[in-house]
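In my numbering, the protein residues as written are 4 to 715. By construction, the Cβ of each residue, glycine as well, lies at the ideal position given by its N, Cα and C atoms.
Structure below.
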């Protein structure tokens, strides 16, 4: 705490302190100005640099202490130039790219007066029914931690006071990504073991990376709503980890303590929330400022105020509360468009390919499906301040005027009318290739957008099956904000490209990918289930005492098994579904590209180490194709025997690199306590002696084992 902050706190009245601890949803300008004069300390962005300066002027020039405002906004994957949604960014397996995209968003947002964003989301998400998976980095702990930290670095830069930096908010603390039934805002009940080893670890990483604030989550954890959970907000986050930033509540999360039935009224809710460790309440009304104030501990109140004022100081707001309206960025630039175009391509995942992709030089192409003509590529959580994209059909015509393109959407996103499918099939003859553009509208993912049915909506699957049976090469391009169930058509589609919701330049990137100008070398950050009934189906599950090796059979009865012999009896009583093959349709980390690669034998610098030592793992990778391409090397650990049941595999390292034709590159990874250990329920990192296996390769299904022993 600086001398300035100490002096301010010593001179503030109780009302002025309370005003610093609330952010109220977007009132009109006159009401907002009145609130600022009353001492409110934070506002949502009023949509321009000029309007922001006007509110800052009210705070600095028309209040007793002249304290500037925090100006918050959900800058999730871009401000004016929209990048791919975070789940798509996760598919890139590229922390440097994620950092660069966050830095772009920060520059654009800060130029308009925004100084605080509610991002990144680092909830480990293992239920694709939950619409907010689009906001995060998927099902893996390490990927969430690495990309969340990269996004924090991009937003905040080296100096929060810089004109290109904004304060990051890690959300949603904690375990919000595991709601029962995949329903947003729903109950979460996790063991301390899973809390420590799965849900808390990405937050530990972003706090270590310097995240300026953390947002509490809507859910309960073991029966206690997080907004009232002192053990989590104060005990772990602030005391154990030493987090000295701001804890902000989620939208009306404090008021929600009443319907949670842990608070009798709003006064009670406010007292519970601030007592638990909330520093800024998001939501409420002008009338609610100060509710519960008489029940707040004075030391806790001062601590919250110090945290808020210190963040404003770190942002340089006391010295520079205003921004230059003439320098506000209101449109994408040539450079920003190029960046998000490359990012959209790097985020694409080639789910399967029989050689149809990349396309050669087709003379006639049939473009069909609802995404052929749709411009809905921006994705969930776009503020829509003039952001827009074109359609795939428009982009294809612009890039390849030499191709005769027939555009017939055939079906809509959700409509039950399939009458136009016949017209599409009638048009197939005479075309060299059919590209079917399908997916979910952006509104189908995001907050309050849970789905119980994860198949393509409407009659899109029917269109794919009909086109695939027509005898012409087919490519399916799928744009969506979550993993989907594709079992009803995937085996009939020879080439499938997952492009997610790719942002401003998504259509340009899609055309680049189709023709091989760009490489679809991403990997899945979440598993694609075979059926909704499998969920959750994450790759890093624990083994049961009866793991299955073959699928079940609805035709098999207990009597039949008994007759057939003991081996079949043993296989029947294993953990599986009678009506599904084992495992997901496509597991975490699945993907390839157009280039091909060969792996040398992985090597360890030592095969036996002590619990506190590190070892270097190296593997040579060679581009065996005639084109430049990207390879993603993934390293998983398998703990053969532990004191608690370990995951069957756990990602502990990864790297993405571009290799020229014939080029060989050596990938090196440091393996030590962080990769081999696990968290005890008190947060301590434990590395147990015994046998481990490191699995190295481009995907889970194509790894090579390397034994490692940790000695006593």
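Cβ-Cβ separation, residue j to residue i (assumed contact under 8 Å), whole Å
i, j, result
"residue 498", "residue 478", "5 Å"
"residue 577", "residue 598", "Contact flag wrong, Cβ pair sits at about 39 Å."
"residue 279", "residue 298", "With 8 Å as the limit, residue 279 and residue 298 do not qualify as a contact, their Cβ atoms being about 13 Å apart."
"residue 282", "residue 311", "6 Å"
"residue 702", "residue 596", "With 8 Å as the limit, residue 702 and residue 596 do not qualify as a contact, their Cβ atoms being about 11 Å apart."
"residue 674", "residue 620", "5 Å"
"residue 334", "residue 83", "6 Å"
"residue 375", "residue 381", "Not quite, the Cβ-Cβ distance comes to about 17 Å (not below 8 Å), so this is no contact."
"residue 503", "residue 88", "6 Å"
"residue 248", "residue 217", "7 Å"
"residue 460", "residue 530", "Residue 460 to residue 530, Cβ: 21 Å. No contact."
"residue 528", "residue 142", "7 Å"
Contacting residues, own chain, Cβ-Cβ under 8 Å from residue i (five flanking each side not counted)
i, result
"residue 683", "199 and 689"
"residue 428", "469, 470 and 473"
"residue 66", "39, 40 and 42"
"residue 696", "640, 641, 643, 708, 709, 710 and 711"
"residue 560", "The predicted model places residue 560 with a pLDDT of 46, which falls under 50 and marks its position as unreliable; any figure quoted below should be read in that light. Hits under 8 Å: none found."
Endpoints, alpha helix (DSSP H) assigned at residue i
i, result
"residue 369", "No alpha helix (DSSP H) holds residue 369; the beta strand (DSSP E) holding it covers 367-371."
"residue 211", "204-211"
"residue 13", "6-14"
"residue 402", "395-402"
"residue 32", "32-41"
"residue 265", "It is not in any alpha helix (DSSP H) - residue 265 carries neither H nor E in the DSSP assignment."
"residue 273", "269-279"
"residue 18", "17-22"
Under the three-state DSSP convention, the category residue i falls into
i, result
"residue 337", "helix"
"residue 356", "strand"
"residue 232", "coil"
"residue 59", "helix"
"residue 771", "The first residue shown for the chain is 4 and the last is 715, placing residue 771 beyond what the model contains."
"residue 445", "helix"
"residue 111", "helix"
"residue 510", "helix"
"residue 602", "strand"
"residue 524", "strand"
"residue 568", "Residue placement at residue 568 is flagged as unreliable, the pLDDT there being 49, under the threshold of 50; the coordinate-derived value follows with that caveat. Note: residue 568 maps to coil in three-state DSSP."
"residue 218", "strand"
"residue 284", "strand"
"residue 406", "coil"
"residue 301", "helix"
"residue 619", "strand"
"residue 314", "helix"
"residue 587", "coil"
"residue 3", "Residue 3 cannot be examined here, being either before or after the span of the chain that is shown, 4 to 715."
"residue 223", "strand"
"residue 413", "coil"
"residue 361", "coil"
Short CB-CB distance (under 7 Å) between residue i and chain D
i, result
"residue 55", "Within the model displayed, chain D is absent; a lone protein chain is all it includes."
Same chain only: Cβ atoms within 6 Å of residue i, ignoring 5 sequence neighbours per side
i, result
"residue 699", "605, 622, 638, 706 and 707"
"residue 103", "none"
"residue 317", "163"
"residue 517", "362"
"residue 525", "94, 95, 350, 351, 352 and 594"
"residue 720", "In the structure as shown, the chain starts at 4 and stops at 715, and residue 720 therefore has no counterpart that could be examined."
Residues near residue i in its chain [Cβ-Cβ closer than 7 Å; skip 5 each side]
i, result
"residue 692", "614, 713, 714 and 715"
"residue 652", "542, 543, 639, 641, 698 and 703"
"residue 680", "688, 689 and 690"
"residue 339", "84 and 107"
"residue 59", "71, 72, 324 and 325"
"residue 207", "244"
"residue 489", "531 and 588"
Residue range of the beta strand (DSSP E) that includes residue i
i, result
"residue 75", "73-76"
"residue 3", "The structure shown does not extend to residue 3, since the chain is modelled only from 4 through 715, so no value can be given for it."
"residue 707", "707-714"
"residue 25", "25-27"
"residue 428", "Careful: residue 428 lies outside any beta strand (DSSP E), inside the alpha helix (DSSP H) at 424-430."
"residue 88", "No beta strand (DSSP E) holds residue 88; DSSP gives it neither H nor E."
"residue 250", "249-251"
"residue 246", "Note, residue 246: premise wrong, no beta strand (DSSP E); not H, not E."
"residue 612", "611-613"
"residue 45", "45-47"
Start-end ranges of the alpha helix (DSSP H) lying completely within the segment 634-702, minimum 4 residues: 676-679
Those runs of the beta strand (DSSP E) which lie wholly inside the segment 115-198 and span at least 3 residues: 172-176
Secondary structure, beta strand (DSSP E): runs of 3+ residues fully inside the segment 457-513: 477-482 and 498-501
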